[in-house]
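For the protein sequence lines, the chains are E and P, in the order given.
Per this note's numbering, the very first residue in the first sequence carries number 212; after that it's consecutive.
Per this note's numbering, the very first residue in the second sequence carries number 6; after that it's consecutive.
Just so it is clear, CB atoms sit at the ideal spot from N, CA and C, and this is done for glycine as well.
Please read these numbers as outputs of a predicted model, since none were measured by experiment.
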Amino acid sequence: MIECKNITKIYKSGTVETFALNDVSLKINDGEFVAIMGPSGSGKSTLMHILGALDNPTSGKYFLDGNDVSTLSDEELADIRMNKIGFVFQSYNLLPRTTVLRNVVLPLMYAGVPREEREKQARVSLQNAGLDEEHFNHLSNQLSGGQMQRVAIARALVNNPSLILADEPTGNLDTKTGEIVLSTFQTLNEKKHSTIVIITHEPYVAEHTDRIIYIRDGAIIKDEKNTKKIILNHI
Amino acid sequence: MIISDLFQETFSAIMINKARSGLTILGIVIGIGSVIAMVSIGEGAKGSIESSIQSIGSNLVLVMPGFQRGAGASPVSSGRGSATTLTKDDADAIEQEIILAKAVAPEVSRRYQVTTKGKNTNTQVVGTVAVYPEVRNVQIDLGSFITSQNVSSLSKVAVIGPSTRDDLFGTSTNPIGETIRINRVDFKVIGVTQSKGGSGFSNQDDVIYVPLSTAQRFLAGDNYVTTISVEAIDQNSMASLQEQISNLLLQRHNISNASLADFQIMNQQDIVATASTVTNTFTILLASIAGISLIVGGIGIMNMMLTTVTERTREIGLRKAVGAKKKDISVQFLTEAVMLTFFGGLLGIILGWFLAFLVKQFAGIATSVSLSSIVLAFSVSAVIGIVFGYYPAQRAASLNPIEALRYE
Numbered sequence: 212m213i214e215c216k217n218i219t220k221i222y223k224s225g226t227v228e229t230f231a232l233n234d235v236s237l238k239i240n241d242g243e244f245v246a247i248m249g250p251s252g253s254g255k256s257t258l259m260h261i262l263g264a265l266d267n268p269t270s271g272k273y274f275l276d277g278n279d280v281s282t283l284s285d286e287e288l289a290d291i292r293m294n295k296i297g298f299v300f301q302s303y304n305l306l307p308r309t310t311v312l313r314n315v316v317l318p319l320m321y322a323g324v325p326r327e328e329r330e331k332q333a334r335v336s337l338q339n340a341g342l343d344e345e346h347f348n349h350l351s352n353q354l355s356g357g358q359m360q361r362v363a364i365a366r367a368l369v370n371n372p373s374l375i376l377a378d379e380p381t382g383n384l385d386t387k388t389g390e391i392v393l394s395t396f397q398t399l400n401e402k403k404h405s406t407i408v409i410i411t412h413e414p415y416v417a418e419h420t421d422r423i424i425y426i427r428d429g430a431i432i433k434d435e436k437n438t439k440k441i442i443l444n445h446i
Numbered sequence: 006m007i008i009s010d011l012f013q014e015t016f017s018a019i020m021i022n023k024a025r026s027g028l029t030i031l032g033i034v035i036g037i038g039s040v041i042a043m044v045s046i047g048e049g050a051k052g053s054i055e056s057s058i059q060s061i062g063s064n065l066v067l068v069m070p071g072f073q074r075g076a077g078a079s080p081v082s083s084g085r086g087s088a089t090t091l092t093k094d095d096a097d098a099i100e101q102e103i104i105l106a107k108a109v110a111p112e113v114s115r116r117y118q119v120t121t122k123g124k125n126t127n128t129q130v131v132g133t134v135a136v137y138p139e140v141r142n143v144q145i146d147l148g149s150f151i152t153s154q155n156v157s158s159l160s161k162v163a164v165i166g167p168s169t170r171d172d173l174f175g176t177s178t179n180p181i182g183e184t185i186r187i188n189r190v191d192f193k194v195i196g197v198t199q200s201k202g203g204s205g206f207s208n209q210d211d212v213i214y215v216p217l218s219t220a221q222r223f224l225a226g227d228n229y230v231t232t233i234s235v236e237a238i239d240q241n242s243m244a245s246l247q248e249q250i251s252n253l254l255l256q257r258h259n260i261s262n263a264s265l266a267d268f269q270i271m272n273q274q275d276i277v278a279t280a281s282t283v284t285n286t287f288t289i290l291l292a293s294i295a296g297i298s299l300i301v302g303g304i305g306i307m308n309m310m311l312t313t314v315t316e317r318t319r320e321i322g323l324r325k326a327v328g329a330k331k332k333d334i335s336v337q338f339l340t341e342a343v344m345l346t347f348f349g350g351l352l353g354i355i356l357g358w359f360l361a362f363l364v365k366q367f368a369g370i371a372t373s374v375s376l377s378s379i380v381l382a383f384s385v386s387a388v389i390g391i392v393f394g395y396y397p398a399q400r401a402a403s404l405n406p407i408e409a410l411r412y413e
C-alpha cells in the first residue's frame, strides 16, 4: 500500500524556489491500476521519482507498505528500489547488445539472487509480460519497440515489486503497439493483482486504468474512478 | 553482486566496443611490452658482463704497475699501468710470504706482429708461468700448456688461442708442432686453448702464451712484468689478501707512504661491482623510458573510461533505478579499467618476451626476461588500472539516478 501525506518538493535554483509538488496527499491500495495524468511541468515526474524512491520529498511523509521511505539515505533508497519497485520507462532503457534474459535478471543480480534461480524467475516474468520464448536469447537491439517494452515490463516484474511504476510507457510506440503494452498491464493487474501506476499526459492511455489522478502545478486537482475504462482483448 | 556476475558484466561491456577497447589496451600492451623488453636487455647485458668478468678466473686479485712519475717529485704522470715497477721477484715474494695466496701468476703482455707461412696477425702475446691456466681459468683444447720446465729453460714454445689459430693456420686445424714467428723469433706451437667466447673487455681467444722468461729475454728485453694475477684461497679472504699484498710490495719497494705506491691492486669483485653499477643505471634508464609509455597508456585508459561513463549515463541511471548502490557502480567501472589493463599486461608480457627474443636473435644482444620483471609489470598494470580507473568510476557512482535517466 502506498500512502503520501502532505508531500512537498521544492527545487532551489539560486534564490528562486520552485514548488514542483505542493502538499500532495494520496493513497493507492494494493492491486490498484492507477494513472497519474497531467501536462508537462505539472509535477507528475517529480511525484513518480518520489513514489519510485529515487528522490526524497522536501517535506511530508511517504509510506510504502507501512514503512516511512521519505527520510531514507541514498543507499537505503537503493534497497527499497531493489526490493519493492519496478520501473518501466518511456525509452525502455534496456542494456544494448545484451540478451533479453540478461536484461531481465539485472535487478536480481544486484539483489544477489543465485544464477539459476534468477534465470527461472526471469523466464516466468517474461512469460507474464507476454514475450514469446523464442526471443529470450535475442539481443535487446534486435527486438521491435513493443517487444522491448515487454522486456522492460518483465524486468520491472522480476523482483515481485509492491509497485510497478511506468513513466509514459507508450510514449515511443504507435497506437497499436501501445495497446499491446497497455493490455499487458491490464492482464498483470487482473491476473497477478500487481499494483501499477502509469504516469502519462495522454487521456487515451489513462482511460485504460481503473483510477485517474489529475495533477497540475504540483497539486492534485482531481482523483476519480475511471468509469469509461477501455478493456483490451488480451493479446 | 556476486564476483562472477561482476566479471561477466565487465567482460561484456568491454566486448561491446571491441575496437575501442583493443586500441586502449594497445597503449598498455606497448608500455608493458617495452618495459619487459628493455629490462631484459639490461639484465642480459649485466649477465654477460658479469660472466665475462668471472671467466677470467675466480677470487682473483690483480696487481698492476702504478703511475710512472718523473725523477724526484715531478708532478708529471704518464698514467696508470705505464710504470715498470713490478718484477717476477715481487710475484715470487707474494707466493712465498702470503699464505692467503693460493696461486700467483706473473705475466708480461704486449702486442706483436705474428707470422706463419703466408699468414700474419697482430695479437696479444702473454709471457707467463705454468700456474696461469689455474689462476686465470684457461682450459687447454689441444696439446699442453707451458710447463715450469719451459719457463726455467727459456723454451721458445707457444700456446695459442683458438681465434689466433684460426687466423694463422685456418679454422679447426691442428697446429701442434708448427712454427710461428713472433717479433722475428721462432716459436714452436705446443698447445691450443679452449674457446672462452669472444665477448667482454678483451678477446681471450685471440692470444698467444709463451714462457715468462722467454718473453722477457727475447721479446721485451727487460725483467719487468705487466700484471701479477693472484688467486685467493677463498672469496672471504680477498680483502685481507689485497691488504697483505699491498703491505708486502710497499715494503719491497721501500715506499713508506701508501698513497705514493708505484703499483695498484684490483679486486675482481670491485670490477664486477663497478660493471653492475653501470648496467644497473643502464637498465633503469631503459625502463624509465619505457615506463613513460606505460603512463601514456594509463592516461588512454582513463580517457576511454571517462568517455564510457558519459556514454553509458542512462545505463548507470537504470542500474541505480533497479537497485544498484554507489559501491556496485564504482566497483563495476573500476573492474572494467583493471580488466583492460590486465589484458594489456598479459599481452604486453607476451610482446615483451617476443621483443626480447627478436633482439637476441637478430641484434645478437643477450637478453634475459626475469620472473621479477614479469611480476613487476603485471602489478604495475593492475595499479595503473586502479589509479586511472578510480576517478571515472567515482564519477559514474556519484551520478544522480534521476539526472542519469533523463540524460540524452
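**Prompt:** DSSP on Thr411 of chain E, reduced to helix/strand/coil?
**Reply:** strand
**Message:** Considering only the alpha carbon of each residue, which of P:Gln337, P:Leu345, P:Phe174, P:Gln59 lies closest to Gln274 of chain P?
**Reply:** P:Gln59
**Asked** Which term fits Leu317 of chain E, buried or exposed, when burial requires 16 or more other beta carbons within 10 angstroms of its beta carbon?
**Response** buried
**Asked** Ends of the beta strand (DSSP E) at Gly196 of chain P?
**Response** 190–198 is the extent of the beta strand (DSSP E) around Gly196 of chain P.
**Request:** Could you spell out where the beta strand (DSSP E) holding Ala106 of chain P opens and where it closes?
**Result:** Note, Ala106 of chain P: beta strand (DSSP E), 106–120.
**Request:** Give the single residue among P:Val388, P:Asp333, P:Ala361 whose Cα lies nearest to the Cα of Leu11 of chain P.
**Result:** Among P:Val388, P:Asp333, P:Ala361, the Cα nearest to that of Leu11 of chain P belongs to P:Asp333.
**Closer than 8 Å at the beta carbon, the chain P residues around Pro318 of chain E** = Val327, Gly328
**Request:** Return the residues of the region 343–359 of chain E that lie within a Cβ-Cβ distance of less than 8 Å from chain P, sorted by chain order.
**Result:** none
**Item:** Counterpart residues of Glu228 of chain E in DSSP-defined beta bridges
**Value:** E:Lys223
**Item:** Cβ of Asp428 of chain E within 8 Å of any chain P Cβ
**Value:** The beta carbon of Asp428 of chain E sits no closer than 8 Å to any beta carbon of chain P.
**Request:** Could you list which residues in chain P have their beta carbon closer than 8 Å to that of Phe244 of chain E, in chain order?
**Result:** Within 8 Å Cβ-Cβ: nothing; Phe244 of chain E doesn't reach chain P, min ~21 Å.
**Request:** Compare the Cα-Cα distances from Asn294 of chain E to each of E:Thr310, E:Tyr321, E:Pro414 and report the closest residue.
**Result:** E:Tyr321
**Asked** Can we say the region 247–259 of chain P touches the region 190–201 of chain P, given the rule of at least three CB pairs closer than 8 Å?
**Response** No: the two stretches stay apart, fewer than three of their Cβ pairs being nearer than 8 Å.
**Prompt:** What is the residue span of the alpha helix (DSSP H) that Asp94 of chain P lies within?
**Reply:** Residues 93–102.
**Prompt:** Taking buried to mean at least 16 other C-beta atoms within 10 Å of its own C-beta, is Asn400 of chain E buried or exposed?
**Reply:** buried
**Request:** Leaving out five residues on either side along the sequence, give the residues of the same chain with a beta carbon under 6 Å from the beta carbon of Asp434 of chain E.
**Result:** Ile424
**Prompt:** In the DSSP assignment, what are the bridge partners of Ile213 of chain E?
**Reply:** When DSSP reads this structure, Ile213 of chain E sits in a beta bridge with E:Ile239, E:Leu275.
**Prompt:** So, helix, strand or coil for Glu401 of chain E, using DSSP?
**Reply:** Glu401 of chain E sits in a helix when the DSSP states are folded into three classes.
**Message:** Rounding to the nearest angstrom, what Cα-Cα distance links Lys23 of chain P and Asn285 of chain P in this structure?
**Reply:** 40 Å
**Asked** Whole-angstrom Cβ separation of Val136 of chain P and Thr128 of chain P, contact assumed at under 8 Å?
**Response** Contact flag wrong, Cβ pair sits at about 22 Å.
**Request:** Report the partner residues of Ile407 of chain P according to the DSSP bridge assignment.
**Result:** Note: Ile407 of chain P sits in no beta bridge, so no partner.
**Request:** Would you please state the rounded distance, in angstroms, between the beta carbons of Arg319 of chain P and Tyr412 of chain P? I believe it to be under 8 Å.
**Result:** 6 Å
**Asked** For chain E, is any of its Cβ atoms less than 8 Å away from the one on Phe16 of chain P?
**Response** Output row for Phe16 of chain P: interface = no.
**Prompt:** Would a C-beta distance cut-off of 8 Å place Ala430 of chain E and Val235 of chain E closer than the cut-off?
**Reply:** yes
**Asked** How long is the line joining the alpha carbons of Leu339 of chain P and Met309 of chain P, rounded to whole angstroms?
**Response** 12 Å
**Asked** Can you tell which of P:Arg170, P:Glu183, P:Ser261, P:Ser158 has its C-alpha closest to the C-alpha of Arg222 of chain P?
**Response** P:Ser158
**Request:** Give a yes or no on whether the C-beta atoms belonging to Gly2 of chain P and Ile306 of chain P are separated by under 8 Å.
**Result:** This structure gives no information on residue 2 of chain P, because the portion of chain P shown stretches from 6 to 413.
**Limits of the beta strand (DSSP E) - the one that Ile213 of chain P falls within** = 212–216
**Item:** Boundaries (first-last residue) of the beta strand (DSSP E) holding Ile46 of chain P
**Value:** First-last for Ile46 of chain P: 23–59, but that is the alpha helix (DSSP H), not the beta strand (DSSP E).
**Prompt:** Is Glu418 of chain E closer than 8 Å to Asn437 of chain E when the C-beta atoms are compared?
**Reply:** yes
**Item:** Contact set between Met293 of chain E and chain P, taken where Cβ atoms lie within less than 9 Å
**Value:** Val327, Gly328, Ala329, Lys330, listed in chain order.
**Message:** On a Cα-Cα basis, can you pick out the residue from E:Val416, E:Leu368, E:Met212 that is closest to Ile442 of chain E?
**Reply:** Distances from the CA of Ile442 of chain E to each of E:Val416, E:Leu368, E:Met212 were compared; the closest alpha carbon is that of E:Val416.
**Element boundaries [beta strand (DSSP E), containing Pro70 of chain P]** = 65–70
**Within-8 Å CB hit, Phe274 of chain E to chain P** = no
**Asked** DSSP three-state call for Lys365 of chain P: helix, strand or coil?
**Response** helix
**Beta carbon of Val44 of chain P nearer than 8 Å to that of Thr288 of chain P** = yes
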